[in-house]
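**Student:** Take the sequence shown: its letters are residues 2 to 388, numbered as in the numbering used here.
Cβ coordinates follow ideal geometry from the N, Cα and C atoms, glycine included.
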Amino acid sequence: MRNPRIAPSWRALAVQTLLVLALATLAYLAAANAAQKLARQGIVAGFGFLERAAGFDIGQSLIPYAAATATYLDAFCVGLLNTLLVSGLAIVLSTVLGFALGIARRSGNLLARSFAAAYVEGFRNLPLLLQLLVWYVAVRVALPSSGDPAAWGGAYLSQRGLFLPRPDFFGLAALVPVAFAAGLFAMGLLIRASHRAVALGKKPVPVLWPGALLVLGPPALAWAGLALAGHPVPVAWPARGPYDVEGGLPVRPEFAALLIGLSTYSAAFIAELVRSGLDSVGRGQREAAAALSLSRGQALRLVVLPQAMRVIVPPLTSQYLNTTKNSSLAVLIGYPDLVHVFMGTVLNQTNQAVEVVALTMCVYLSLSLATALVMNRYNARAAGTRR
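Next comes the structure, spelled out in structure tokens:
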């Protein structure tokens, strides 16, 4: 007997087809109306404007960018890379700080527990916009004036930013970052071996100091080896100019304020996720770790945290997505991210509102989907920890 609550397949197919046709019709009408309005204003629809000369400078760029020769596509790439830079660093820093605060929330030390609780309650309940303004003003006020920068060795610090020596990893110098990547891979294998030893009931493999040696040792040896071989890594040193510091690797106050603001704000939410994850692990797991003669630190790293990750990771994904999207608030303090450069300056100069907004939406959608994909795969592995 057919269940009356289940509609026939043809009926469901018909409803879905009508819905798709209705959405397609609405999209066509919206596109036709937009094209008609643009034609009345003398604006040619399409993405051909990306090849036109931009004619404006950008304060921070990770790729070569000259206002005289750059196109709007170059400006788009600069804004995208700046967004990826600040979002990626904010995710890493907020994760480290958030896990430290979350663990401190369950610490036996009253001072650490109270500080972590006050931090979480304070930063979570203040608007991010206000925090960015406070950090930006604090950074600018605390720095020396541009006319009299502070100097430490080969670095300079002023209200225009921190200027550091910039190594150029081209040619043979590329061996240094390659060695660093190899060290990170080796450290990952070491961590995996330590977890496998605990799973087999054996003594865990030391990770902290051997891991630091694996990460820092190979690039240091590569750097020294190139110098001894007569091919030192070229370094661009900053120098005082007539009005400001020139050359080197500049770290602008806008970037520093945005990075600090995003990291400290997101860390408060991540700390609560970590605390809830730790609370989800039964006391018996800690007792079992103690029976294996594991220290409290080893028990936390090898027994408790791996099981807590299955609770932490799903909401942590949403927090990472929020961090990436919150980076668009950079326009408030003048950091040249994608929204500031592309939806601000480029949109004002070209009036290609539909194309600019569509590209920006596609970028943030792609970043969100990529982040969710990576975290979902990690979540599948973390969920298997319980089994």
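I'd like the ranges of any alpha helix (DSSP H) spanning at least 4 consecutive residues and lying wholly in the region 269 to 303.
**Tutor:** 284 to 292 and 297 to 300
**Student:** I think Leu260 touches Leu227, with their Cβ atoms under 8 Å apart; what is that distance to the nearest whole Å?
**Tutor:** Residue numbering aside, residue 260 sits at position 259 when the sequence shown is read from its first letter. Residue numbering aside, residue 227 sits at position 226 when the sequence shown is read from its first letter. Actually they are not in contact, since the Cβ atoms of Leu260 and Leu227 sit about 31 Å apart, beyond 8 Å.
**Student:** Where Met2 and Glu273 are concerned, what is the direct C-alpha to C-alpha distance, given to the nearest angstrom?
**Tutor:** What you label residue 2 is simply residue 1 of the sequence shown in a count that begins at 1. What you label residue 273 is simply residue 272 of the sequence shown in a count that begins at 1. In this prediction, Met2 scores a pLDDT of 47, lower than 50, which makes its location untrustworthy; no coordinate-derived value is stated.
**Student:** In this structure, what does DSSP give as the bridge partners for Pro168?
**Tutor:** One-based indexing of the sequence shown puts residue 168 at position 167. The partner list for Pro168 (beta bridge, DSSP) reads Val236.
**Student:** In the DSSP output, what is Val21 paired with across the bridge?
**Tutor:** Reading the sequence shown from its first residue, position 20 is the one you call residue 21. According to DSSP, which records beta bridges pairwise, Val21 is partnered with nothing at all.
**Student:** So, at 7 Å on beta carbons, what are the nonlocal neighbours of Gly43 in its own chain, with the 5 sequence-adjacent residues on each side left out?
**Tutor:** On the sequence shown, residue 43 is found 42 positions in, with the first residue counted as 1. Contacts found: none.
**Student:** Starting from Val252 and walking both ways along the beta strand (DSSP E), at which residues does that stretch end?
**Tutor:** Numbered from its first residue, the sequence shown carries residue 252 at position 251. Note, Val252: beta strand (DSSP E), Leu250 to Val252.
**Student:** Taking only three categories from DSSP, how would you classify Gly162?
**Tutor:** Taking the sequence shown and counting its residues from 1, one reaches residue 162 at position 161. Of the three classes helix, strand and coil, the one that applies to Gly162 here is strand, per DSSP.
**Student:** Could you spell out the range, first to last residue, of the beta strand (DSSP E) harbouring Ala151?
**Tutor:** Here residue 151 refers to the residue found at position 150 of the sequence shown. Bounds of the beta strand (DSSP E) holding Ala151 are Ala151 to Trp153.
**Student:** Just to confirm the assignment, what range does the alpha helix (DSSP H) spanning Asp338 have?
**Tutor:** Locating residue 338 in the sequence shown gives position 337, counting from the first residue. Looking at the DSSP string, Asp338 is not in any alpha helix (DSSP H), and its letter there is neither H nor E.
**Student:** Among Ala13, His232, Gly89 and Asp75, which residue has its Cα nearest to the Cα of Ala371?
**Tutor:** For the purposes of this step, residue 371 is identified with residue 370 of the sequence shown, where counting begins at 1. If we check each option's Cα against that of Ala371, Gly89 comes out closest.
**Student:** Expressed to the nearest angstrom, what Euclidean distance is found between the alpha-carbon atoms of Ser329 and Tyr365?
**Tutor:** Locating residue 329 in the sequence shown gives position 328, where the first residue counts as 1. Locating residue 365 in the sequence shown gives position 364, where the first residue counts as 1. Approximately 10 Å, taken between the alpha carbons.
**Student:** Can you give the Cα-Cα distance for Leu19 and Leu30, rounded to whole angstroms?
**Tutor:** By one-based count along the sequence shown, residue 19 stands at place 18. By one-based count along the sequence shown, residue 30 stands at place 29. Distance between the alpha carbons of Leu19 and Leu30 is about 16 Å.
**Student:** Can you give me the Cβ contacts of Asn377 inside the same chain, cut-off strictly under 8 Å, excluding the 5 residues immediately before and after it?
**Tutor:** Position 376 of the sequence shown holds residue 377. So the list reads Thr318, once near-sequence residues are dropped.
**Student:** Can the beta-carbon of Thr361 be found less than 8 Å from the beta-carbon of Leu339?
**Tutor:** Within the sequence shown, residue 361 is the residue found at index 360, counting from 1. Within the sequence shown, residue 339 is the residue found at index 338, counting from 1. Going by C-beta atoms, Thr361 is nearer than 8 Å to Leu339.
**Student:** From Tyr66 to Ala76, what distance separates their C-alpha atoms?
**Tutor:** The residue labelled residue 66 in the question sits at position 65 within the sequence shown. The residue labelled residue 76 in the question sits at position 75 within the sequence shown. If I take the Cα positions, the gap works out to 8 Å.
**Student:** In chain order, what residues of the same chain lie with their CB nearer than 7 Å to the CB of Trp224, ignoring the 5 residues before and after it?
**Tutor:** Here residue 224 refers to the residue found at position 223 of the sequence shown. So the qualifying residues of the chain are Val177 and Val234.
**Student:** Tell me whether Thr72 sits in a helix, a strand or coil according to DSSP, three-state version.
**Tutor:** The residue given as residue 72 occupies position 71 in the sequence shown. Correct three-state label for Thr72: strand.
**Student:** Distance, Cα to Cα, Arg302 vs Ile104?
**Tutor:** One-based indexing of the sequence shown puts residue 302 at position 301. One-based indexing of the sequence shown puts residue 104 at position 103. Whole-angstrom Cα-Cα distance: 11 Å.
**Student:** In this structure, what does DSSP give as the bridge partners for Tyr157?
**Tutor:** Indexing the sequence shown from 1 puts residue 157 at position 156. According to DSSP, Tyr157 bridges with Ala152 and Phe164.
**Student:** Considering only the alpha carbon of each residue, which of Arg161, Val179 and Phe171 lies closest to Ala257?
**Tutor:** Taking the sequence shown and counting its residues from 1, one reaches residue 257 at position 256. Checked all of Arg161, Val179 and Phe171; the closest Cα to Ala257 is Arg161.
**Student:** What does DSSP give as the partner residues of Glu247 in its beta bridges?
**Tutor:** Counting from 1 along the sequence shown, the entry for residue 247 is found at position 246. Glu247 pairs with Ala240.
**Student:** Which residue wins for smallest C-alpha separation from Ala240, given the options Ala156, Ala198 and Asn126?
**Tutor:** Mapped onto the sequence shown, residue 240 falls at position 239. It is Ala156.
**Student:** Residues in the same chain with beta-carbon distance under 8 Å from His341, minus the five sequence neighbours each way, listed in chain order, please.
**Tutor:** For the purposes of this step, residue 341 is taken as residue 340 along the sequence shown, with counting starting at 1. Closer than 8 Å at the Cβ level, and outside the excluded window around His341, lie Gly80, Ala331, Val332 and Gly335.
**Student:** Go through its chain and collect everything with a Cβ distance to Ala198's Cβ below 6 Å, but skip five positions before and after it.
**Tutor:** In the sequence shown, residue 198 corresponds to position 197, counting from 1. Taken in chain order, the residues that qualify are Pro205 and Val206.
**Student:** If we require 4 or more residues per run, which alpha helix (DSSP H) segments fall completely within the region 310 to 359?
**Tutor:** 348 to 351
**Student:** Got a sec, what are the start and stop residues for the alpha helix (DSSP H) Tyr137 sits in?
**Tutor:** Numbered from its first residue, the sequence shown carries residue 137 at position 136. Counting along the chain, the alpha helix (DSSP H) containing Tyr137 begins and ends at Leu129 to Ala143.
**Student:** Can you tell which of Val282, Val312 and Tyr73 has its C-alpha closest to the C-alpha of Ile271?
**Tutor:** Walking along the sequence shown from the start, residue 271 turns up at place 270. The option with the nearest alpha carbon to Ile271 is Val312.
**Student:** Give me the DSSP bridge partner(s) of Ala54.
**Tutor:** Working through the sequence shown from its first residue, we reach residue 54 at position 53. DSSP, once it has assigned bridges, lists Thr72 as partnering Ala54.
**Student:** Give me the residue from Arg114, Arg12 and Ala13 with the minimum Cα distance to Arg276.
**Tutor:** Here residue 276 refers to the residue found at position 275 of the sequence shown. Checking every option, the nearest Cα to that of Arg276 belongs to Arg114.
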